[in-house]
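What follows is a short report on a single structure.
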Amino acid sequence: MIYGLIPARKGSIRIKNKNMKLLNLKPLIYYTIKNACRSKLRKIIISTDYSQDEIENVFPSYCGKRYEYVKRPDYLCTNDALADGYIYHMIKHMDLKNSDSICLLQPTCPLRDFMDINQAISIYNKYDRDSLVSVYRLENANRIYDYNCQHMQLPKNRYVYVRNSAIYIFRVGMFKYNTDGIFEKSPLLFVMPVQKSIDINEQYDFDYASVIMEEGD
0 MIYGLIPARK GSIRIKNKNM KLLNLKPLIY YTIKNACRSK LRKIIISTDY SQDEIENVFP
60 SYCGKRYEYV KRPDYLCTND ALADGYIYHM IKHMDLKNSD SICLLQPTCP LRDFMDINQA
120 ISIYNKYDRD SLVSVYRLEN ANRIYDYNCQ HMQLPKNRYV YVRNSAIYIF RVGMFKYNTD
180 GIFEKSPLLF VMPVQKSIDI NEQYDFDYAS VIMEEGD
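Letter by letter, the sequence shown follows residues 0 to 216 of numbering that gives the first Met the number 0.
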């Protein structure tokens, strides 16, 4: 079984209370909750230090009881806390088996929709691998440079793929014993359009996402 996991802590260094900041009149986290509820995920866990009332006030009406609220301890909500901590906490709370899988959906990616989630799940199930990450294809990859400002020339018809943080799917057993965390060295890739690959960390990301949403209406 694949469990959806939405992490949402109150603290944010660059944007205060980012997960509840309004984006086109809705809290940022609303878009991830909405699309998780519309997806094929049968169980959605929200790991957070917000109160249950604060979270449920964000829900669209059709979400029903497909979710479980998991109160995250304060020590897992600091700026220095790693994702591994709240993932382990969720695994223990839900008593997940090594054969179970987690679909991690970060609220900072509001343009990822339920169809993206469903397609990623289909690919993950089809190829029966231990991890999948969503990416976008970097165009004009022959114009990239390394950390020494040296031009990197890729072979013809080769592309560079960049993680966009929108979707991660991984098997619990792999996560427990893999030193690289939530994905293998060569995970499955789910390619998304660059326009849907915004990961909001700064105010200009909010502004850009708002423009794209308005253009899509």
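Idealized CB from N, CA, C, for every residue including glycine.
Terminal residues of the alpha helix (DSSP H) in which residue i lies
i: Gly84; result: 82-93
i: Tyr135; result: Segment 130-137 is the beta strand (DSSP E) holding Tyr135; no alpha helix (DSSP H) there.
i: Lys125; result: 113-126
i: Ile54; result: 51-55
Whole-number beta carbon distance between residue j and residue i, since they are thought to touch under 8 Å
i: Ser50; j: His88; result: About 18 Å; that fails the 8 Å criterion.
i: Tyr2; j: Ile116; result: Their Cβ separation, rounded to whole angstroms, is 13 Å, which puts Tyr2 and Ile116 out of contact at 8 Å.
i: Phe182; j: Tyr167; result: 7 Å
i: Leu187; j: Tyr123; result: 6 Å
i: Asp99; j: Met173; result: Contact doesn't hold; Cβ gap of about 11 Å is too wide.
i: Val57; j: Tyr29; result: 5 Å
First and last residue of the uninterrupted beta strand (DSSP E) at residue i
i: Ile28; result: Premise fails: Ile28 lies in the alpha helix (DSSP H), 27-37, not in any beta strand (DSSP E).
i: Tyr44; result: Inspection of the sequence shows that residue 44 is occupied by Ile rather than by Tyr. Looking at the DSSP string, the run of the beta strand (DSSP E) that includes Ile44 is 42-47.
i: Cys102; result: 100-103
i: Pro6; result: 1-7
i: Tyr68; result: 66-70
Cutoff 8 Å; reference residue i; Cβ partners in own chain excluding five residues on either side
i: Asp145; result: Met151
i: Gln194; result: Leu110, Ile211
Beta-carbon proximity list for residue i, same chain, < 6 Å, skipping 5 on both sides
i: Asp112; result: Asn34
i: Leu137; result: Val159, Val161
i: Thr107; result: Asp198, Ile199
Closer than 7 Å: residue i CB and nearest the ligand FAD heavy atom
i: Cys76; result: Of the ligands one can find in the structure shown there are none, so the ligand FAD has no counterpart to examine.
Residue i - DSSP class collapsed to helix/strand/coil
i: Tyr146; result: coil
i: Tyr160; result: strand
i: Leu75; result: helix
Cβ neighbours of residue i in the same chain (closer than 7 Å, five flanking residues each side left out)
i: Ser219; result: Within the shown structure, residues of the chain are numbered from 0 to 216, placing residue 219 beyond reach of any answer.
i: Ile54; result: Ile45, Thr47, Tyr68
Just to confirm the assignment: which complete alpha helix (DSSP H) runs, minimum length 4, are found wholly within the region 170-216? 171-176, 202-215
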